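Below: one structure, written as structure tokens.
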Amino acid sequence: MITLYDFAMAPSPRRARILLAEKGIPFETVQVNLVTGEHLGEAYRALNPQCTVPALKLEDGSVLPDNAAIIAWAEAAHPEPALLGRTPTEKAAVASWNARIEFEGLLAVAEAFRNTSPAMKDRALTGPANVPQIPELAQRGLDRAHRFFDALNAHLAGRDFVACDHFTLADITAVVLVDFARVIRFKAGDAHPHLRRWRESLADRPSLKA
């Protein structure tokens, strides 16, 4: 049995949980308490020197230290369903949109949240090093996030999924982004009708409850 090192409240490991559920890959879960700093302790640091979750320990003892590694392994080991796209053109679209959602969306929300939340004091960036907050960056993060939500809303007009005509990694990352954006008090409403429709259409998808 593989083991997912997780923290239920964090967005990054949620991406891994959804991915594994979509693939039908069974796993055990070990919770790593980010609030108490367990991820910075010697035991977890020895497992994953990046001091981040998720990490996935395979049956042979190999440790995949981040989502990029986990999706690459999962897609190669369990090709169906094809979450990275089925054709070369689909694969290109998924890669492009997933990168945009990460860089223009998730990192923007994180920039706003991590530079203002008292809980993130000296943890403005993930990883083993303490990094002080720069409150001035929070507004930039908010502006970036809202610009991207506008762009994603426009893109989803007339579309059921983000990148292809079926559910892919881009949808997983976008769902996690939209739900995580509650930390900056964003919720898709009347100003983002296509984004709201898309998210509501996925509400009953079993993997999203993982």
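If you're matching positions, the sequence shown starts at 400 in my numbering and goes up one per residue.
Note that beta-carbon positions come from the ideal geometry of N, C-alpha and C, so glycine has one too.
In this text, all values refer to a predicted model and were calculated from it rather than measured experimentally.
Selection Asp559, Trp472 and Phe512 evaluated against Ser600 yields Asp559 as nearest (Cα-Cα). Three or more beta-carbon pairs separated by less than 8 angstroms link the segment 415-426 to the segment 474-482, which places the two stretches in contact. Within 10 angstroms of the beta-carbon of Pro487 lie fewer than 16 other beta-carbons, which makes it exposed.
In the DSSP assignment, no residue is bridged to Arg539.
Straight-line measurement puts the Cα of Gly440 at about 33 angstroms from the Cα of Phe585. Following the DSSP letters along the chain, one finds Lys422 inside the alpha helix (DSSP H) bounded by residues Pro410 to Lys422. Distances from the CA of Ala491 to each of Val434, Ala562 and Phe547 were compared; the closest alpha carbon is that of Ala562. Under DSSP, Ala454 takes part in a beta bridge, and its partners are Tyr404.
Arg522 carries a strand assignment under DSSP once its states are collapsed to helix, strand and coil.
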